[in-house]
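A.B. asks:
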Amino acid sequence: MSKLCLEMYAGAIDDACTAEEKFCASLPPGRMPNAARTVVAELKAIQGFSQSMIGQDIKKAHENLEGAIKLIEGSAISFAPEDPFETRECAAALSWLAGFSCAAGEKKTALFQAKEAVNIMRARIWGREEEENSDCEELDIDKSTSDYEVLEYARTLLVLSAVLAANGKKKKAKARIEACWKWVQGRKVEDSTLKTILLLRAHILDLTGTTSQAQTLRNQASRIGKAGYFDRLVRCNGA
């Protein structure tokens, strides 16, 4: 995971691919156990995300993300709130599938996938999903919830915000990106994601006509050394 944070995507692909091959070779013949499915799902999700970041074999990236979701869906313990590992991996893979769908013009499919990713994390943290047509109600997070889970939730909100903007739902997009920003405050978020959040906030402020604030956010983002993945997300908006 550290190579993803450092934007060393080619290295992350190689490591995850090698680890998947070795791990699968070590398994006994027959149906893959549930615990093994989650390990392979994470490795596939890392490969799919990294491939999408560097534009390497987009078809393969899509297959890896779909494969990660199918592995977890095929597990008897999929999406169970007490199983955070399966929860976050599926949410992450669904979020990036939403990005693929949106860039391909399948905006309704993308919206369904992005909402599902958010709801998986909401169910994990709060035990409830977001109501359809709500204005992004946010509850307090229990102290027992790890920062890692909160940041995973924030990332799903980040993608949902981009997809909502692509669907012309500017008000809802703004609510989600502001909620995303709220949850990363005071937490150790990697520079790549932080820069992306700032740039998407600026982009959505532009869409809603608040250009002066948008430039301030871009100035903040410019001081972060990492590239981020705003350019990938903004494909959702046809920009």
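With UniProt numbering, the residue at position 34 of the sequence shown is 34, and numbering never jumps. Heads up, the beta-carbon is just placed ideally off N, CA and C, and yes, glycines get one too. None of these values were measured; they are calculated from a predicted model.
1) So, using beta-carbon positions, are Ala45 and Ala91 closer together than 7 Å?
2) Which residue comes first and which comes last in the alpha helix (DSSP H) that contains Asn34?
3) Ends of the alpha helix (DSSP H) at Met121?
4) Classify Tyr9: buried if its beta carbon has 16 or more other beta carbons within 10 angstroms, exposed otherwise.
5) Whose C-alpha, out of Lys60, Val163, His62, Ile72, is nearest the C-alpha of Met32?
6) Whose C-beta lies closer than 7 Å to the C-beta of Glu7 among residues of the same chain, with five residues either side of it excluded?
7) What number of angstroms, rounded off, separates the C-alpha of Pro84 from the C-alpha of Trp183?
8) Tell me the rounded alpha-carbon separation between Ile224 and Leu199.
9) Which residues in the same chain have their Cβ closer than 8 Å to the Cβ of Ile204, if we skip the five residues on either side of it in sequence?
10) Among the residues of its own chain, which have a CB less than 6 Å from the CB of Val163, if the five just before and after it don't count?
11) Please work out which residues of its chain come closer than 8 Å, Cβ to Cβ, to Glu152, disregarding the five sequence neighbours upstream and downstream, and give them in chain order.
12) Can the beta-carbon of Leu158 be found less than 7 Å from the beta-carbon of Ile197?
13) Can you give the Cα-Cα distance for Met53 and Ile13, rounded to whole angstroms?
14) Which of helix, strand or coil does DSSP assign to Gly30?
15) Could you please give the first and the last residue of the uninterrupted alpha helix (DSSP H) stretch that includes Tyr148?
16) Within the same chain, show all residues whose beta-carbon is closer than 7 Å to that of Ala36, passing over the 5 residues directly before and after it, in chain order.
17) For Ala104 versus Thr156, is the C-beta distance shorter than 7 Å?
18) According to DSSP, is Val184 part of a helix, a strand, or is it coil?
19) For Cys24, does the count of other Cβ atoms within 10 angstroms reach 16, so buried, or fall short, so exposed?
20) Return the chain-ordered list of same chain residues with a C-beta closer than 6 Å to the C-beta of His62, the five sequence neighbours on each side being excluded.
21) Got a sec, what are the start and stop residues for the alpha helix (DSSP H) Lys226 sits in?
22) Do you know how far the Cα of Gln220 is from the Cα of Ala214?
C.D. replies: To lay it out plainly:
1) On the sequence shown, position 45 is the one that residue 45 refers to. On the sequence shown, position 91 is the one that residue 91 refers to. Contact: no.
2) In the sequence shown, counting from the first residue as 1, residue 34 sits at position 34. Where Asn34 is concerned, the enclosing alpha helix (DSSP H) stretches over 34 to 54.
3) Mapped onto the sequence shown, residue 121 falls at position 121. That run of the alpha helix (DSSP H) goes 107 to 126.
4) Along the sequence shown, one-based indexing puts residue 9 at 9. Classification for Tyr9: buried.
5) Here residue 32 corresponds to residue number 32 of the sequence shown, with the count starting at 1. For Met32, the nearest C-alpha among the options comes from Ile72.
6) Sequence index remark: in the sequence shown, residue 7 carries index 7 (1-based). Answer for Glu7: Ser192, Lys226, Ala227, listed in chain order.
7) Stepping through the sequence shown from its first residue, residue 84 is reached at position 84. Stepping through the sequence shown from its first residue, residue 183 is reached at position 183. In this prediction, Pro84 scores a pLDDT of 48, lower than 50, which makes its location untrustworthy; the coordinate-derived value is nonetheless stated afterwards. Taking the straight line joining both Cα atoms gives about 18 Å.
8) As a position in the sequence shown, residue 224 is number 224, starting the count at 1. As a position in the sequence shown, residue 199 is number 199, starting the count at 1. Near 11 Å, if we compare the C-alpha coordinates of Leu199 and Ile224.
9) Reading the sequence shown from its first residue, position 204 is the one you call residue 204. Closer than 8 Å at Cβ, skipping near neighbours: Ser161, Ala165, Lys170, Ala173, Lys174, Ile177.
10) The residue given as residue 163 occupies position 163 in the sequence shown. Here the set comprises Ala98, Cys102, Ala110, Leu111, Ala114, Cys236.
11) Against the sequence shown, residue 152 aligns to sequence position 152. If we look at Glu152 and ignore the five residues flanking it on each side, its Cβ neighbours are Arg88, Ala91, Ala92, Met121.
12) The residue you call residue 158 lines up with position 158 of the sequence shown. The residue you call residue 197 lines up with position 197 of the sequence shown. The Cβ atoms of Leu158 and Ile197 sit closer than 7 Å to each other.
13) For the purposes of this step, residue 53 is identified with residue 53 of the sequence shown, where counting begins at 1. For the purposes of this step, residue 13 is identified with residue 13 of the sequence shown, where counting begins at 1. Looking at the two C-alpha atoms, the distance is approximately 11 Å.
14) Sequence index remark: in the sequence shown, residue 30 carries index 30 (1-based). Three-state DSSP puts Gly30 in coil, outside helix and strand.
15) Within the sequence shown, the letter at position 148 stands for residue 148. It spans 147 to 166 - the alpha helix (DSSP H) in which Tyr148 sits, taken as one unbroken run.
16) Working through the sequence shown from its first residue, we reach residue 36 at position 36. Hits under 7 Å: Leu27.
17) On the sequence shown, position 104 is the one that residue 104 refers to. On the sequence shown, position 156 is the one that residue 156 refers to. Not closer than 7 Å, so no.
18) Within the sequence shown, numbered from 1, the residue matching residue 184 stands at position 184. Correct three-state label for Val184: helix.
19) For this step, residue 24 is matched to residue 24 along the sequence shown. With fewer than 16 Cβ atoms within 10 Å of its Cβ, Cys24 is classed as exposed.
20) In the sequence shown, residue 62 corresponds to position 62, counting from 1. Sequence-distant partners of His62 (beyond 5 residues in either direction) whose C-beta falls short of 6 Å from its own C-beta, in its chain, are Phe100.
21) Locating residue 226 in the sequence shown gives position 226, counting from the first residue. Careful: Lys226 lies outside any alpha helix (DSSP H) and carries neither H nor E.
22) Working through the sequence shown from its first residue, we reach residue 214 at position 214. Working through the sequence shown from its first residue, we reach residue 220 at position 220. Taking the straight line from one Cα to the other gives about 10 Å.
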